[in-house]
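Written below as structure tokens is the structure these notes are about.
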Amino acid sequence: AGGFFSGAVGAVIGNPADLAMVRMQADGRLPPHLRRNYRHGGEALYRVMREEGVLALWRGSIPTASRACIITAAQFSVYEECKERLVKYTPLGDNPLT
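This is the structure in structure tokens:
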């Protein structure tokens, strides 16, 4: 449950940066008259807020958070299983390095 929740929170917090990145990447594929021509990520965030409103920064956050929940929960489970086996079957022990 911890991995699931932390994945969702991280995705919601990071969604504005993800939105700017996706828009900047997709901009080059648009016809010239439809391009936004963002110069950098900060300008993309500023223009989205100014032109579309602050809440537009979280457009698409539900699918992003859903994906992050699944990925983070799976990664956390695999990490815990690997660590448990390392501690049990190797002389490494339970310490900050494992």
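Under the working numbering, read the sequence shown as residues 260 to 357, first letter to last.
A virtual CB, placed ideally from N, CA and C, is assigned to each residue, including glycine.
In its own chain, which residues sit with a C-beta less than 8 Å from the C-beta of residue i, not counting the 5 before and 5 after it?
i: Leu345; result: Leu351, Thr357
i: Gly269; result: Ala327, Thr331
Does the separation of the CB atoms of residue i and residue j fall below 8 Å?
i: Leu293; j: Gly319; result: no
i: Phe335; j: Gly261; result: yes
i: Gly300; j: Ala276; result: yes
i: Arg282; j: Tyr297; result: yes
Decide if residue i is buried, meaning its Cβ has at least 16 other Cβ atoms within 10 Å, or exposed.
i: Gly266; result: buried
i: Ala333; result: exposed
i: Ala303; result: buried
i: Val307; result: buried
Leaving aside the five residues before and after residue i along the sequence, list all residues of the same chain whose C-beta is less than 6 Å from its C-beta, in chain order.
i: Trp317; result: Asn274
Excluding the five sequence neighbours on either side, which residues of its own chain have a C-beta within less than 7 Å of the C-beta of residue i, listed in chain order?
i: Lys342; result: Thr357
Touch test, the stretch 304-321 against the stretch 284-291, Cβ-Cβ under 8 Å, three pairs minimum: At 8 Å Cβ cutoff, the stretches do not touch.
Restricting to runs no shorter than 4 residues, where is the alpha helix (DSSP H) found entirely within the stretch 260-324? With a minimum length of 4 residues, the continuous alpha helix (DSSP H) runs that stay inside the stretch 260-324 are 261-286, 300-311.
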